[in-house]
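Undergrad:
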Amino acid sequence: MTAWEKLWTDEKLTEEERREICHEMLTTEARMERLILKNFTEKDFQKIAKRRIGDGLIGGKACGLLTARKLIENILPEYIPFLEPHDSYFIGSDVFYGYVKDNDCIELREKQRREKERFKDSEILKERLRNGGFSEKIKEGFRKIIRYYDKTPIIVRSSSFLEDGYGNAFSGKYESVFCMSQGTEEERLYELEEAVRKVYASTMNPSALEYRRKRKLLGADEQMALLVQKVEGQRYEKLYMPVAAGMGCSYNPYKWMEHLNPDAGMLRLVAGLGTRAVERTPGDYPRLIGLDRAQANMRTTIAERHKFSQRQVDVLDLEQGKQNTVSLDKIIELLPSWQKKMILSHDTEAEYLLAQRGRYRKIYFSDCQGIVDNTEFIRMMRKTLKMLEKEYERPVDVEFALSSPQKEVWRVNLLQCRPLQTSASEQIEIPEEWEEEFLFDVRRTSMRRSKKERLDRIVWVDPQKYYECPYVKKPDIGRLIGRINQYYEEEDKKLMLLVPGRIGTSSPELGVPVVYADISQFAAICEVAYSKAGYRPELSYGSHMFQDLVEADVYYGAINENSRTKIYRPELLKTCKEILLDLFPDETELSEIVKIYDISDRDARLILDAREGRAVCLLHKKEGDRCP
């Protein structure tokens, strides 16, 4: 009798039989295998197998989710009543392999693995993956999924072999596609098929290829399994969303307040879909919560709390059939009273001023204060994150959604868990005797563990000239940074990027629009304030881009125009050799805005003391140095 046959007889499996099933359905990665074999029972394996469409592994994201839930069940059973039951389907990796084979992609995929960086046919392969067909057997499995969820919205998420594991997280590299699930069975089947195609095609996205290239994985056989989940939430007329959602991290490298303990962890919380918690949101501010001091708020007045709050909410628009962003005002009137108390606060000062003028109305803003005030929720998240960190033997982050179907009832739906790729902090000493050669000295505006990093090049974007640059030309600055990034791919140089406003925003008026693939070679990235043009940094902890920076061990910080910035001397850069036109003689138009300073002849270092929340960039002239 095989291990699989024995599993369905309810007999106890041997350790070797359990390992065989783990390797064929869950993972072959040694550390995840150890966690699974320690915590999963035969009943757990049966439940997963019943929800698997096709054969093969269910992938890294699915494994991480199931493992985290099982650890909570085994170690923190007191929180099971507050946890939504697991309700996902898994599309096995063999479905992807069959899809690739049936749609004439095998040869192109093998060519891509052989040629790696020289592969020229990525768009052809992506197009075939995007427009392929499925076998009738797989379609029947898809029908099983849509019949089960019926008219409840679902999301199809990537769960590749390499994803969310100990070595790589692939944060945001592959697509996640919402299905509204509102039509006939045939319409819902087509919608699911389209979602699967989009995720499969996303294996050829530029950022995914760049991520794999950086980690020397281009030759790896990246098999794509899928995780299909019910979208947590409820219907509000034509809209669908959870009352709140967010991400949590067991280690908080961003000390936005003096007395926060990084080891306590943090949450990033938003009203509505959690997409706003993991992406840059121009003009919007999710609620950041230090889990040791949840009530502490860097915004001390009601006016500041209102100004730096969430104004837009991500929802599923069931009428339009797509994910949408709507103003908070449209959501407020749809919420029951107890949910309003969870996510909304009153601007009492603004209400008073209006009343003085004879106008009486309530003014709300979203800061999730009611959730922050829920001590049981905060305690649960802190204990859960620290338990997962202990079991994973490294910091973790999670994604979750909150539901509250009735007053004083709330549930957490754990959607994802992954180990963070972090390194231990070093003992740091900052050479105070060279303070006059500090390019910057900033406090409590840095994200990363303590470290010293040598620097060879500094790429600086002139904030005034970027502001004066025509709006339609501003994306060209992002293009040039991407070109600089590509140039240094083959060179062992340490780069730092200084940009006005926010990095990674899609709104050029707020900062330089780049994606991770444009900045993947930089060892350090700083957002720089420039009030004359209204550029204000916003370190976006929890975003997918930030997760990329954490994994790559990149320093990420802000240079503000306040007491947190003790020193900022951009004029020091002018004592260094500027080389942009030496490398890119055709970029004369942008050479006044973007500068590349060669500092390799200096004792140039970035020094971060995470415990003190202090970061210094030193441009020390060696003996015999002369200004060019």
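Numbering (the numbering used here), first residue to last: 324 to 951. By construction, the Cβ of each residue, glycine as well, lies at the ideal position given by its N, Cα and C atoms.
For Y687, which of helix, strand or coil comes out of DSSP?
TA: Strand, per DSSP.
Undergrad: State the start and end residues of the unbroken beta strand (DSSP E) segment that holds T337.
TA: From DSSP, T337 is part of no beta strand (DSSP E); its letter is neither H nor E.
Undergrad: In the structure shown, what three-state DSSP assignment does S746 receive?
TA: Any reading at S746 must be qualified, since the residue scores a pLDDT of 49, below 50, and its modelled position is unreliable; the value itself is stated next. In this structure, S746 counts as coil in the three-state DSSP scheme.
Undergrad: Which stretch, first to last residue, makes up the beta strand (DSSP E) that contains L818?
TA: Residues 818-823.
Undergrad: Measuring alpha carbon to alpha carbon, tell me which of D815, Y920, N362 ends up nearest C386.
TA: Selected option, being the one with the closest Cα: N362.
Undergrad: If you draw a straight line from the C-alpha of A724 to the C-alpha of N575, how long is it?
TA: Looking at the two C-alpha atoms, the distance is approximately 20 Å.
Undergrad: Applying the criterion that 16 or more other CB atoms from any shown protein chain within 10 Å of the CB defines a buried residue, is T526 buried or exposed?
TA: Buried.
Undergrad: Just curious, the alpha helix (DSSP H) that R705 is in, first and last residue?
TA: It spans 698-715 - the alpha helix (DSSP H) in which R705 sits, taken as one unbroken run.
Undergrad: Just grab the DSSP bridge partners of W783 for me.
TA: BP columns for W783 point to L821, K918.
Undergrad: Can you give the beta carbon distance from R734 to L512, rounded, assuming they're within the 8 Å contact cut?
TA: Contact flag wrong, Cβ pair sits at about 30 Å.
Undergrad: Thinking K329 and E339 are a contact (beta carbons under 8 Å), I'd like their distance in whole angstroms, please.
TA: At roughly 11 Å, the Cβ-Cβ gap does not stay under 8 Å, so K329 and E339 are not in contact.
Undergrad: Looking at the unbroken beta strand (DSSP E) that takes in E850, where does it start and where does it end?
TA: It spans 845-851 - the beta strand (DSSP E) in which E850 sits, taken as one unbroken run.
Undergrad: Straight-line CA distance for I477 to P718?
TA: Whole-angstrom Cα-Cα distance: 29 Å.
Undergrad: Residue ranges of each alpha helix (DSSP H) run of no fewer than 4 residues wholly in the segment 608-683, ordered along the chain?
TA: If we require 4 residues or more, the alpha helix (DSSP H) runs fully inside the segment 608-683 come out as 625-630, 651-655, 660-666, 671-679.
Undergrad: Within 10 angstroms of the Cβ of S746, are there 16 or more other Cβ atoms? Answer buried if so, exposed if not.
TA: With a pLDDT of 49 at S746, under the threshold of 50, the modelled position of that residue is not reliable, and no figure is offered here.
Undergrad: Contact check, G644 vs M503 under 8 Å by CB: the rounded distance?
TA: Contact holds; Cβ gap of about 5 Å.
Undergrad: C950 by DSSP, collapsed to three states: which one?
TA: Low local confidence applies: a pLDDT of 34 at C950 is under 50, so the model's placement there is unreliable, with the coordinate-based value given in what follows. Coil at C950, not helix or strand.
Undergrad: Can you find a CB in chain D that lies within less than 8 Å of the CB of Y472?
TA: In the structure shown, chain D does not exist; there is a single protein chain.
Undergrad: Sort T698, V566, K449 by Cα distance to S660 and report the nearest one.
TA: The option with the nearest alpha carbon to S660 is V566.
Undergrad: Indicate whether the contact test is met: 3 or more Cβ pairs, each with one atom in the segment 644-657 and one in the segment 694-702, closer than 8 Å.
TA: Because the criterion of three Cβ pairs below 8 Å is not met, the segment 644-657 and the segment 694-702 do not touch.
Undergrad: Report the three-state DSSP secondary structure of L512 (helix, strand or coil).
TA: Helix, per DSSP.
Undergrad: May I have the straight-line CA-CA distance separating A326 from Y497, to the nearest angstrom?
TA: The straight-line gap from Cα to Cα measures roughly 34 Å.
Undergrad: Throw me the rounded Cβ distance for the I753 and V939 pair, which I believe falls under 8 Å.
TA: Confirmed, Cβ separation roughly 5 Å.
Undergrad: Whole angstroms are fine: how far does the CA of A391 sit from the CA of E716?
TA: Those two C-alpha atoms are separated by around 13 Å.
Undergrad: So V418 and I461 are supposed to be a Cβ contact under 8 Å. How far apart are they, rounded?
TA: Yes, V418 and I461 are in contact; Cβ-Cβ is about 6 Å, under 8 Å.
Undergrad: Give the range of the alpha helix (DSSP H) segment to which D417 is assigned.
TA: Taken as a continuous stretch (DSSP letters only), the alpha helix (DSSP H) holding D417 covers 416-425.
Undergrad: According to the Cβ coordinates, are G556 and A600 closer than 8 Å?
TA: Contact: no.
Undergrad: What is the DSSP secondary structure of K775, reduced to helix, strand or coil?
TA: Strand, per DSSP.
Undergrad: Roughly how many angstroms lie between the CA atoms of L389 and F761, to the nearest whole one?
TA: Their backbone Cα atoms lie some 48 Å apart in a straight line.
Undergrad: First and last residue of the alpha helix (DSSP H) that includes Q692?
TA: Residues 692-695.
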